[in-house]
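In order, the protein sequence lines correspond to chains A and B.
According to the working numbering, the residues represented by the first sequence are 1 to 110, in order.
According to the working numbering, the residues represented by the second sequence are 1001 to 1855, in order.
Heads up, the thing below is written out as structure tokens.
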Amino acid sequence: MAKGKPDLVYGTLDMLILKALQHEPRHGLGVADRIQQMSGEILKVEQGSLYPALYRLEAEGWISGEWGFSENNRKARYYQLTASGRRQLSAETEHWSRITAAVDLVLSRI
Amino acid sequence: MNEEMRSHLDGLTERNVLAGLPPQEARFLAQRQFGNLDQIKERARDQRGISWIEELILDLRYAMRTLGKNPGMTATIVFTMALAIGASTGVFSVIDGLLLHPLGPDPHTEREIRIFETQSPKISESRVSAANFIDWKKQAKSFAFMRAGAGADLNLTGSGEPVHLVAGRATAELLGTHTWTLALGRGFLPEDDVPGKNKVIIVSYQIWQRLLGGDPRAIGRILQVNGESYTLIGVIGEEISRFSGADAFIPMAFTDQERAERGRRTLGVWGRLKPGVTLAEAQAEMNVLAAQLARQYPDTNQGWGVSLVPVNQLQYGSGLREALWALLGAVGCVLIIACANAANLLLARATARSREMAVRAALGAARARLVRQLLTESVLLSLLGGTAGVLFAHWGLAAVHGYAGSGMERLGYVGLNSGILAFALVLSMGTGLLFGLAPAWFAAGANLNDTLKRSLRGSGESGSRGQLRSALVMIEVALAMVLVAEAGGLIRRLVERGRLDPGFGAEHVTVLQLRLPQPKYAKPGEQVAFATAVVTHLRDVPGVQMASATTSLPIPQPGFGFQIDGRPSRPHSDWPVTSAYAVTSDYFSVMKIRLLQGRAFTAQDTPQSPRVAIINETLAKQYFQNENPIGRHIDLGGSGLDTWREIVGIVGDVTEFGDDTAVTPQVYEPFDQSPGPGLNFVVNSPEDGASILSSLKQQIYSVDKDQPVLSIRSLQSILDEQVAGQHFAVHLLGVFSLIALVIASVGIYAVVAYTVTQRTTEIGIRMALGAQTEDVLRLILTHGARLIGFGLLVGIGAALAVGRTVESLLYHVNTNDPLVLAAVTLLLVAVGVFACALPSYRATRVDPIVALRCE
């Protein structure tokens, strides 16, 4: 009976990217779309800062990339979470969920 | 009334005198003319009627006398009702505390509203963006005030150990409206809510006690939070602090960036309705506002609406809900058993009192009056039982608080309040009426003639009354059977699981749990360096045998998709799922996990060396069947050659302690090759005194003095916490089934004993005609056996049916365990035999002469 609560995404562009890749691999534009879907953040973050972030995350081993073909048959690099990236994301998500739940409980109890 | 009649009489007398009679004769004549004074008075009284309060008092006094004359029966009924009502009250308290009012004793009323953003059709309770909140606050007229809160990641450093605070940011109205009690200091003011002026902090009562020593002059102290200086301005009152688990609050102080990012929805928003404004009106206004914002800011707000939910309707439930409803069902059974018992005993008494009732009826008492009087007795009984029951519930809840330690903190907030006491009162009266109805009806319907005739012969279990009583006993037995069978099944399951080999050893393992904050430890290299340094330091602590780090403990955890080399590749969403642990090299030794094939991780497995992995037995069997997994490759996410890992070892399965303890596939990676920010340091040391715990923590601080340790405790306590909820529920069930058993056996005893009494004459006759002791025994026992037997049959059927429903509700456990059912049947038979024993013995001691003579 999930009530359709969208997940909270705290923190940086890095976390947003990891979150965007949580369920399936995407290429850069797909990541941008997904982030926009989740938070509208992309309006403030120019596409310019998306790719440096993607490359950095790949270098650090949170995501890994592979060439493939996009929906309209263009060559595109698809990114996917690595196990480390998954851990990073789930640790952060769990951490913030716990804080939010405790805080919400108090703030409702006024 | 007396005066009135006397003056009437005087009047008549006078008239007679005037007519010429001497005074004495005048008086006599007047009295004869008037009629029998007393009889008239009585009739007049009846016409006038006594007030119902006077009648009630009469009934009560009579009831108390009657009950006093029957101390055995009274005590039995009061005691059984006390157990049943106490258990019901207790369970209701728990349900009230955990489900109905999870926010503690009733906060405000429906005027407190939580405000969500929505995006139909999928999102119904979204958090709110800062920009939207600010616009709402400015423009919405329905709310006296509106406030917002968000989470905050705060670490307290500088004095003593670094401490992580579960904290929130809150806007000024929240704490400034002082409906919270503050133990010290003040709440936030609008001045605080501005970036630059917002370095103030309010802490919880527990933090104040623990870290500031409860210093009454702590206000004004400077605390180092996330490296900056914050002034302490307030301490939250004890009650709220105990309830929530939030450690501190800082002002919201929106940054410019937050105000600009209208699409970033991170806030919880609450509002209080203005007096006179209804929820519907407020919702309508907010809808208009939302539509307006959607037009103004289509990029972020198009399609987004608003939803208002009164705070006491918010759902905070968890999987606990099903378990609690099941408990409610169990306690309902106990109640029915107790009522059936009481009804039975009263029915037996009704027969005995039928003579008394018949006489009263003959003297002019209306049937309704008699029924009312008998109902007064039964309600009095159950009220007495209820009072004792509330006492039992109070003690019981105190015991329940013992569970509030690990894993069930909110249980500490469960207690008796006026609402629950009212419930107990209503329950007592209701059950009194329920079980008193049939006996009252039967007793009051007695006909004097029939009754006097019948008692001469000493009737037995004949007629509808007897059948009803037998039926009641069978219901009791059946229900007791169901309860004990369910509890037995669950208990057995728990015990079995406790005995299973979990695949690792938790004795002497201490766990330090940390979270490496971001962005300080964003790079994997930094995470690896930290973990490696800490593990080295931990090993050097005297008393520590081995130490290791891991990203996960053997408890339920999110799964990772994986694939095996040589299989056709599938889309990521189709990948099978495994638990994944990233561990440093000594992990398997510390946890005593068996290595079955190949090798464990060593210092040679570095970030630069080839990627490796170790799998567990289940994964090997399920995905490699007869092939040798060693040398094959597994991918835990990512593509490209460098994320395929070579399988270098197979280890034994590890049970992940939680609700479903089926064994799952498990994969281990070297921490150095796949780190994460959530760390558990597992340390093997025989001692666990305070001094060694402190030394262990010191090792963390020696690597990073500002790194808080979230918790340090034994692995066993962490595992226990995972199953605390289940254990609690099963223990309660066990207690209830015991109560049910006791009450049911009392019921059996009472019925059989009564049978003996009723059939005393018959037994006397039989013995006089030559029946032996065994014959008498057989007579009584057969009767009892028939009762119990039918009850058991019905009970087994019901237990099987219930077991199947329970299976779907609770912990995926099948309680239709033949062994348990057989054991419970035997138990109930034994109980039944025992309950029949004493009366049967008494039956054999009947002296035929006495039996024949009495009556």
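In this text, a Cβ means the ideal position worked out from N, Cα and C, and glycines have one as well.
Bear in mind that the values here come from a model prediction, so they are computed numbers and not experimental data.
CB-CB length for residue i against residue j, believed under 8 Å
i: G1566(B); j: G1598(B); result: No, G1566(B) and G1598(B) are not in contact; Cβ-Cβ is about 18 Å, not under 8 Å.
i: Q1673(B); j: P1607(B); result: 6 Å
i: A1084(B); j: V1311(B); result: That pair is no contact at about 35 Å.
i: L1268(B); j: L107(A); result: Leu is not the amino acid found at residue 1268(B); the sequence shown has Gly there. Contact flag correct, Cβ pair sits at about 6 Å.
i: V1371(B); j: I1113(B); result: In fact, because the Cβ distance is near 50 Å, the residues do not count as touching under 8 Å.
i: L1156(B); j: Q1209(B); result: Contact doesn't hold; Cβ gap of about 14 Å is too wide.
i: V1831(B); j: S1745(B); result: 5 Å
i: E1627(B); j: G1652(B); result: With 8 Å as the limit, E1627(B) and G1652(B) do not qualify as a contact, their Cβ atoms being about 19 Å apart.
i: L81(A); j: I63(A); result: 6 Å
i: N1016(B); j: A1026(B); result: 4 Å
i: A76(A); j: G68(A); result: 6 Å
i: N1287(B); j: G1305(B); result: 7 Å
i: S1378(B); j: L1416(B); result: Actually they are not in contact, since the Cβ atoms of S1378(B) and L1416(B) sit about 25 Å apart, beyond 8 Å.
Contact check, residue i vs residue j, beta carbons under 9 Å
i: T1655(B); j: L1838(B); result: no
i: S1088(B); j: G1332(B); result: yes
i: L1792(B); j: M1481(B); result: yes
i: A1148(B); j: E1285(B); result: no
i: V1751(B); j: I1780(B); result: no
i: A1218(B); j: L1182(B); result: no
i: L1327(B); j: L1067(B); result: no
i: V1612(B); j: F1624(B); result: no
i: G1168(B); j: A102(A); result: yes
i: G1090(B); j: A1393(B); result: yes
i: P1576(B); j: I1615(B); result: no
i: A1399(B); j: L1715(B); result: no
Same chain only: Cβ atoms within 7 Å of residue i, ignoring 5 sequence neighbours per side
i: S1589(B); result: M1546
i: I1491(B); result: V1730 and G1734
i: L1524(B); result: Note that residue 1524(B) is Pro in the sequence shown, not Leu. Here the set comprises P1675.
i: A1130(B); result: F1254, E1258, R1259 and L1267
i: G1214(B); result: W1208
i: L43(A); result: With a pLDDT of 48 at L43(A), under the threshold of 50, the modelled position of that residue is not reliable, and the figure given next carries that caveat. Counting only Cβ-Cβ distances below 7 Å, and skipping sequence neighbours, we find nothing.
i: T1300(B); result: R1262 and G1263
i: P1023(B); result: V1017
Sequence-distant residues of its chain with Cβ nearer than 6 Å to residue i (five each side left out)
i: I1207(B); result: D1247
i: T1080(B); result: A1338, N1341 and I1743
i: M1(A); result: Here M1(A) scores only 31 on pLDDT, less than 50, and its place in the model should not be relied on; the value that follows carries that caveat. Excluding positions up to five away in sequence, the list is empty.
i: V1535(B); result: A1547, A1549 and T1584
i: E1014(B); result: none
i: G1460(B); result: Because G1460(B) carries a pLDDT of 45, less than 50, the predicted location of this residue cannot be relied on, and the following value inherits that uncertainty. Excluding residues within five positions, the ones whose Cβ falls inside 6 Å are Q1758 and R1759.
7 Å Cβ cut-off: residues of chain D touching residue i
i: V1311(B); result: Protein chains in the displayed structure are A and B, and chain D is not among them.
Contacting residues, own chain, Cβ-Cβ under 8 Å from residue i (five flanking each side not counted)
i: I1555(B); result: E1656, F1657, G1658, I1718, L1719 and Q1722
i: T1844(B); result: T1773, V1776 and L1777
i: H1008(B); result: F1034
i: E41(A); result: Here E41(A) scores only 48 on pLDDT, less than 50, and its place in the model should not be relied on; the value that follows carries that caveat. Once the five neighbours on either side are set aside, the close Cβ partners of E41(A) are L13, L16 and I35.
i: P6(A); result: Residue placement at P6(A) is poorly supported in this model, since its pLDDT is 45, which falls under 50; the coordinates still yield a value, given next. M38, listed in sequence order.
i: Y1749(B); result: A1835, C1836, L1838 and P1839
i: E1003(B); result: none
| task | May I ask you to verify whether the region 1191-1209 of chain B touches the region 1248-1260 of chain B, counting CB pairs closer than 8 Å and requiring at least 3? | result | Yes, since at least three Cβ pairs between the region 1191-1209 of chain B and the region 1248-1260 of chain B fall closer than 8 Å, the two stretches touch.
| Counting Cβ pairs closer than 8 Å, one from the region 1537-1551 of chain B and one from the region 1677-1691 of chain B, do we hit at least three? | The answer is yes - the region 1677-1691 of chain B touches the region 1537-1551 of chain B, with three or more Cβ pairs under 8 Å.
| query | Going along the region 1243-1277 of chain B in order, which residues come within less than 9 Å of chain A, judged by CB to CB distance? | reply | Cβ contacts with chain A come from F1243, S1244, G1245, A1246, D1247, F1249, Q1257, A1260, E1261, R1262, G1263, R1264, R1265, T1266, G1268, W1270 and R1272.
| request: Taking a Cβ distance cut-off of 8 Å, strictly less, list which residues of the region 1559-1573 of chain B are near chain A, in chain order. | output: Listed by position along the chain: F1560, P1571, H1572 and S1573.
| Contact residues within the region 1504-1520 of chain B, judged by C-beta distance below 8 Å to chain A | Answer set for the region 1504-1520 of chain B: R1515, Q1518 and P1519.
| task | Name, going along the chain, the residues of the region 83-97 of chain A whose beta-carbon falls closer than 8 Å to a beta-carbon of chain B. | result | Within the region 83-97 of chain A, the residues whose Cβ lies closer than 8 Å to some Cβ of chain B are A83, S84, G85, R86, R87, Q88, S90, A91, E92, E94, H95 and W96, listed in chain order.
| request: Scan the region 1215-1240 of chain B for residues whose Cβ lies nearer than 7 Å to a Cβ of chain A and list them as they occur along the chain. | output: Taking a C-beta cut-off of 7 Å against chain A, the contacting residues of the region 1215-1240 of chain B are I1240, listed in chain order.
| message | Counting beta carbon pairs with one atom in the region 1416-1430 of chain B and one in the region 1468-1478 of chain B, are three or more of them shorter than 8 Å? | response | Here the region 1468-1478 of chain B does not lie against the region 1416-1430 of chain B, with fewer than 3 beta-carbon pairs under 8 Å apart.
| Looking at chain A, which residues of the region 1655-1683 of chain B have a Cβ within less than 7 Å of any of its Cβ atoms? | Within the region 1655-1683 of chain B, those residues whose Cβ lies closer than 7 Å to any Cβ of chain A are, in chain order, E1669, S1674, P1675, G1676, P1677 and G1678.
| Of all the residues that make up the region 11-28 of chain A, which are near chain B by a beta-carbon distance shorter than 9 Å? | Cβ proximity to chain B below 9 Å picks out G11, T12, D14, M15, H23, E24 and P25 from the region 11-28 of chain A.
| said: Tell me whether the region 1116-1130 of chain B and the region 1351-1363 of chain B touch, counting them as touching only if at least three CB pairs, one residue from each stretch, are closer than 8 Å. | reply: Contact between the region 1116-1130 of chain B and the region 1351-1363 of chain B is not established, with fewer than three Cβ pairs separated by less than 8 Å.
| request: Taking a Cβ distance cut-off of 8 Å, strictly less, list which residues of the region 61-74 of chain A are near chain B, in chain order. | output: Of all residues in the region 61-74 of chain A, those with a C-beta nearer than 8 Å to a C-beta of chain B are G61, W62, I63, S64, G65 and E66, reading in chain order.
| said: Using a Cβ-Cβ cutoff of 9 Å, what residues of the region 1532-1551 of chain B are near chain A? List them in chain order. | reply: Near chain A, meaning a CB-to-CB distance below 9 Å, the residues of the region 1532-1551 of chain B are T1551.
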